[in-house]
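**Student:** Quick one: the structure is below, questions incoming.
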Amino acid sequence: MRKSLFIVSIGLSLLFVSAALAWFAMPERTAAVLLKLNSASAGMSEKVVKTEFGEIHYLEGSKGETIVLMHGIYARKEHWVDLARHLTDNYRVIALDLPGFGDNEALPDEQYLIGQQQKNLLAVFDALHIETTHVATNSMGAYVTALLANENPDRVSSFAFIGSPLGIPTPVKSDMDLALERGIKPLLIKSEADFHARMSWLSPKPPYVPGPILNSRLKTQVAVAKKKARIWDVVHTLSQAPTVLELAPSLAMKTLIMWCSSDRIFHVSGADELAKRLKRPKLSILKECGHVPMLDRPDTVAAVYLTFLGTTDSAISN
């Protein structure tokens, strides 16, 4: 008995040591494993679909009516997992890496024009055989999806702005507006210091991210800094699409606006401006969160969103 306990103890110790070594010595591989485990815990698995502009990586889980989750500029599908874990009991949930972002291959600069992104997103819907879907979006993803919903209203059954969208001129200037006037682009990074500073711009209290994932993302972001800077210019300077405020009156589907009062990227004063122009809006102002409320307060966001969809709060797991 003692010998078997000793063997088990040695085995667990070796396992712990191996895990610790992998944590520090192989951060990218460890990060991939951690991300896969977290997605699996939310009932999501990674999949790939082929399109004319390359493979598109996405997470999918469960069955039922479809919800497609779309991130903002420089973000990725995994940012939705903590919200998605509350949705997969009732819905088929798809979290996309938008074309040219996340695990997808980079595209030529002109493919990042907002109007072109809308066409690419529609092609992804077609590749996934999504005829109609609920959409929940953040930042640039909201702008792209608003264009899609405007041109293809039959494809979107409900629209949720999870955090402030790009394309809303706000009555009160945000911290980012003021920074841009000084020639500072706080969402662009060239160094490790920039990377950590950006997290404080996005969240008043950045959520915990395991070291291997954080380091892997930091390394990747710094390596493609020049490409990211060009994408910023294409999206913010060269795109000529109508703003979300201009598109809002044409969005006839029921619409949810979730905007955080502490958002430093787009000031919360824009929320009322958007709600005034939508036909069927529901407005929810959240506290203690920033530009990415699905990361800052996923439980609260899920409760508000499920109520909006007509699913009771009691359906939320955990």
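Heads up: the sequence shown begins at 15 in the numbering used here, then just goes up one per residue. Positions of the beta carbon are idealized from the N, C-alpha and C atoms, including for glycine. Quick caveat: nothing in here was measured; it's all calculated off a predicted structure.
1) Express the C-alpha separation of K133 and L192 in angstroms, rounding to a whole number.
2) According to DSSP, which residues form a beta bridge with V107?
3) Threshold first: 3 residues or longer. Then list the beta strand (DSSP E) segments lying entirely within the stretch 86-131, N to C.
4) Let me check one thing: in DSSP terms, what residues is P295 bridge-paired to?
5) Given a threshold of 16 other Cβ atoms within 10 Å of its Cβ, counted over all protein chains shown, does P113 qualify as buried or as exposed?
6) DSSP puts L300 in a beta bridge; with which residues?
7) With 16 other CB atoms within 10 Å as the buried threshold, where does A207 fall?
8) For the alpha helix (DSSP H) that contains A317, what are its first and last residues?
9) In the DSSP assignment, find the unbroken alpha helix (DSSP H) run with N4 in it and report its ends.
10) For S276, which residues of its own chain have a beta-carbon under 6 Å away from its beta-carbon, when the five flanking residues on both sides are left out?
11) Restricting to runs no shorter than 4 residues, where is the alpha helix (DSSP H) found entirely within the stretch 192-234?
12) Would you kindly report the start and end of the unbroken alpha helix (DSSP H) that includes T243?
13) Tell me, please, which residues DSSP counts as bridged to F175.
14) How is G68 classed by DSSP in three states: helix, strand or coil?
15) Would I271 and A285 be called neighbours here (beta carbons separated by less than 8 Å)?
16) What does the Cβ neighbour count give for I198, buried or exposed, with the cut at 16 atoms within 10 Å?
17) I'd like the list of long-range same chain contacts for H93, defined as Cβ closer than 7 Å, with 5 residues on each side in sequence excluded.
18) Let's see if you can read the secondary structure: which residues bound the alpha helix (DSSP H) around L259?
19) Can you list, in chain order, the residues of its chain with a C-beta nearer than 8 Å to that of V62? Leave out the 5 residues immediately preceding and following it.
20) Between which residues of its own chain and K77 is the CB-CB distance below 6 Å, once the five residues before and five after are set aside?
21) Does the beta-carbon of H100 have 16 or more other beta-carbons within 10 angstroms, so that it is buried, or is it exposed?
22) Applying the criterion that 16 or more other CB atoms from any shown protein chain within 10 Å of the CB defines a buried residue, is A255 buried or exposed?
23) Expressed to the nearest angstrom, what Euclidean distance is found between the alpha-carbon atoms of E287 and W273?
24) Is it buried or exposed, E74, if we count other Cβ atoms within 10 angstroms and call 16 or more buried?
25) Alpha carbon to alpha carbon, what distance is there between R196 and G57?
26) If you draw a straight line from the C-alpha of V158 to the C-alpha of L300, how long is it?
**Tutor:** With the structure as the only source:
1) 32 Å
2) G75 and I81
3) 106-110
4) T269
5) buried
6) C274
7) exposed
8) P312 to L323
9) The question about residue 4 has no answer, for the chain in this structure spans 15 to 332.
10) P218 and G304
11) 206-216
12) Checking the displayed sequence, the identity of residue 243 turns out to be Ala instead of Thr. Here the alpha helix (DSSP H) through A243 covers A239 to D247.
13) T151 and I271
14) strand
15) yes
16) exposed
17) H85, V306, M308 and L309
18) V258 to L261
19) E69, I70, H71 and Y72
20) R106
21) buried
22) buried
23) 12 Å
24) buried
25) 44 Å
26) 23 Å
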